[in-house]
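Structure record follows, encoded as structure tokens.
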Amino acid sequence: QKEVEQNSGPLSVPEGAIASLNCTYSDRGSQSFFWYRQYSGKSPELIMSIYSNGDKEDGRFTAQLNKASQYVSLLIRDSQPSDSATYLCAASLQAGTALIFGKGTTLSVSS
Amino acid sequence: GAVVSQHPSWVICKSGTSVKIECRSLDFQATTMFWYRQFPKQSLMLMATSNEGSKATYEQGVEKDKFLINHASLTLSTLTVTSAHPEDSSFYICSARRGNTDTQYFGPGTRLTVL
Chain A
639 QKEVEQNSGP
649 LSVPEGAIAS
659 LNCTYSDRGS
669 QSFFWYRQYS
679 GKSPELIMSI
689 YSNGDKEDGR
699 FTAQLNKASQ
709 YVSLLIRDSQ
719 PSDSATYLCA
729 ASLQAGTALI
739 FGKGTTLSVS
749 S
Chain B
3 GAVVSQHPSW
13 VICKSGTSVK
23 IECRSLDFQA
33 TTMFWYRQFP
43 KQSLMLMATS
53 NEGSKATYEQ
63 GVEKDKFLIN
73 HASLTLSTLT
83 VTSAHPEDSS
93 FYICSARRGN
103 TDTQYFGPGT
113 RLTVL
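Residue numbers (my numbering), protein chains in the order written: chain A, 639 to 749; chain B, 3 to 117.
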């Protein structure tokens, strides 16, 4: 059974702090990894994708991938109240197959 | 960008009627689209994978005769909920895969309420 695991949270951080969201996946053959953000009542929106080991930065967001540990993380620097949402981690075994989503981590940023 | 639209954004219908939801990729061709369902405070549940010009692949437990999927073109997939019942009330979301990449872009979702 291919699985993506996330801590459901809630993860609470003060405004301006770094939020760290973590995700593990069970299938060692997974090739592509994604982070989506979902606000309550809305559909998910893509934040970042990462395919190779290491860090990938995009603005305040940094995705980290460690395939040996089967671990993906998302760091949000200078967290803002508007970052409060559920963050979904997803993995793909191979091109064209459906993404496998984790259940999401709820982030709450307090002002 | 990669924009996916859904129509309608919300619908209320009587029990026993059928509802069609459209999913369109507006600025790219999508050979594969996916349909999800999400109940309140629960995670996304993949219902089916839709490939242009072929039959959809349904996930275990999803009734293919109840949830009819058609993917007639590279930019349009439809989901028809037949003989809808109150337990079908949910948030239905489609996503489209861009080209040969793994990246999926989500539509805004359709909130279905069956009375």
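The C-beta atom is built at its ideal place from N, Cα and C for all residues, glycine as well.
Using a CB distance cut-off of 9 Å, A736/A counts as an interface residue toward chain B. Two segments are said to touch when three or more pairs of C-beta atoms, one from each, lie closer than 8 Å; by this definition the stretch 18–31 of chain B does not touch the stretch 658–673 of chain A. Against chain B, the CB of F699/A has no partner CB under 9 Å away; the residue lies outside that interface.
Cβ contact annotation for Y107/B (same chain, cutoff 7 Å, sequence separation greater than five): A4, V6, S97, A98, R100, in chain order. Residue-level contact check: T105/B touches chain A, since one or more beta carbons of chain A fall below 9 Å from its beta carbon.
Scanning T700/A, V651/A, I688/A, R666/A for the CA closest to the CA of A723/A turns up V651/A.
When C-beta atoms of the stretch 66–84 of chain B are compared with those of the stretch 653–671 of chain A, fewer than three pairs fall below 8 Å, so the two segments do not count as touching.
The Cβ atoms of H73/B and M35/B sit closer than 9 Å to each other.
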